[in-house]
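Residue numbers (my numbering): 23 to 90.
So this is what it looks like as structure tokens:
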């Protein structure tokens, strides 16, 4: 998750730390829900590091496909 080269504003470490902390909290919440056998659906254009998936689907041409 490196976006620094794409923006014209100055890098602000404190805001990045807050974002990383929030992301870590999200990953931990997802892990907790998984350990409680809860169903969680994640829709993303990108890989989310730290998450473990039981099942992954990919969309191609508007059709959901199981990923091997």
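Glycine included, each C-beta is placed from N, C-alpha and C at the ideal position. All of these numbers come straight from a predicted model, not from anything done at the bench.
Exercise. Taking residue 80 as the reference, which of 69, 73, 45 has the closest Cα?
Worked result: 69
Exercise. Nearest-angstrom Cα distance between residue 65 and residue 78?
Worked result: 10 Å
Exercise. In whole angstroms, what is the alpha-carbon distance linking residue 48 and residue 41?
Worked result: 11 Å
Problem set entry | Through-space distance from residue 60 to residue 73, alpha-carbon basis | 14 Å
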